[in-house]
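Reading through the structure tokens given below for one structure.
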Amino acid sequence: MIKVKNLAFSYEKDDCILEDFNFSLKKGDRIALIGDNGCGKTTFFKLIMGLLKPDAGQIKIFGQKREKEEDFIEIRERIGYLFQDSDNQLFSPTVEEDIAFGPINLGKSKAEAKAIVAQKLALVKMEGFEKKVTYNLSQGQKKIIAFAAVLAMEPDILLLDEPFASLDKQSVKRMIKILNKIPQSFIIVSHNKVLLDQVTNISYFIE
Numbered sequence: 001m002i003k004v005k006n007l008a009f010s011y012e013k014d015d016c017i018l019e020d021f022n023f024s025l026k027k028g029d030r031i032a033l034i035g036d037n038g039c040g041k042t043t044f045f046k047l048i049m050g051l052l053k054p055d056a057g058q059i060k061i062f063g064q065k066r067e068k069e070e071d072f073i074e075i076r077e078r079i080g081y082l083f084q085d086s087d088n089q090l091f092s093p094t095v096e097e098d099i100a101f102g103p104i105n106l107g108k109s110k111a112e113a114k115a116i117v118a119q120k121l122a123l124v125k126m127e128g129f130e131k132k133v134t135y136n137l138s139q140g141q142k143k144i145i146a147f148a149a150v151l152a153m154e155p156d157i158l159l160l161d162e163p164f165a166s167l168d169k170q171s172v173k174r175m176i177k178i179l180n181k182i183p184q185s186f187i188i189v190s191h192n193k194v195l196l197d198q199v200t201n202i203s204y205f206i207e
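Residues 1 to 207 in the UniProt record's numbering are what the sequence shown lists, from first letter to last.
Here's what the structure looks like:
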């Protein structure tokens, strides 16, 4: 599904973030991406989504090389990206509108989108939040709603950047249950090895 070969990237020429990085994700893989702060984990996600361009190396996703901007249009529909900061992901007035935004952009009718919203809120155990003002939610609630919005697009792969951050103990348990229930392959960044061990089956280290 994703194959990366000899990937290199730097924000400045003398400061290499990723160098000769090789990576593979197959269907059914649930991968923990581990490394110190600033080692390139979030940068790697942005390279996968085509938000940054590598200095060298090859990115192959769904069997095709991805190089130009137009190569990544399909990727942004088929790969769901949960940001580390949910405030950068939620921008609609209400929870319902935030979750429906993706499906409507993918061509779903308002009725279909409404049904998807109800389904995803049930999955994340936040029924009844449809009309809540997103801005007024706690950071933990925003994280769960942002994840529901990502899932609403029915992606094939998930990129999850610190999904446990800002969650209380109960919400962490909820997130673990969701991750173990959903069918998608995913890559997850977290510094909490105890939690990673509960939801992943492969680990990659970035130094």
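For glycine and all other residues, C-beta sits at the position ideal for the given N, C-alpha and C.
This one's a predicted model, so the numbers in the text were calculated from it and none came from an experiment.
Next item on the list: On the DSSP bridge assignment, give the partners of Ser185 in chain order.
Entry: Ile157
Next item on the list: Measure the Cβ-Cβ separation of Phe129 and Val95 and say whether it is below 7 Å.
Entry: yes
Item checked: Burial state of Lys26 (16 or more Cβ within 10 Å) -> exposed
Item checked: Lys60 versus Asn105 - alpha carbon distance -> 25 Å
Notebook entry, point to check: Among Ile145, Leu123, Ala122 and Lys125, which one has its Cα closest to the Cα of Val133?
Noted result: Ile145
Next item on the list: Hey, could you find the ends of the alpha helix (DSSP H) Gly140 is sitting in?
Entry: Gln139 to Leu151
Next item on the list: Please look up how many angstroms separate the CB atoms of Leu137 and Leu82, rounded, as I've assumed it's under 8 Å.
Entry: The pair is not a contact, with the Cβ atoms about 16 Å apart (cut-off 8 Å).
Next item on the list: Pick out whichever of Ala148, Val4, Val189 and Met175 has its Cα sitting closest to the Cα of Gln64.
Entry: Nearest C-alpha to Gln64: Val4.
Note to self: If I follow the unbroken beta strand (DSSP E) through Lys110, where does it start and stop?
What the structure shows: Run containing Lys110: none in the beta strand (DSSP E); it sits in the alpha helix (DSSP H), Lys110 to Leu123.
Note to self: With the cut-off set at 7 Å, would you say Ile202 and Asp71 are in Cβ contact?
What the structure shows: It is not a contact, given that the beta carbons lie outside the stated cut-off.
Check: Looking only at DSSP bridge pairs, what is Ile34 linked to?
Finding: Phe205
Next item on the list: Can you tell me which of the three DSSP states Asn192 falls into?
Entry: coil
Item checked: C-alpha gap between Glu112 and Ala165, whole angstroms -> 31 Å
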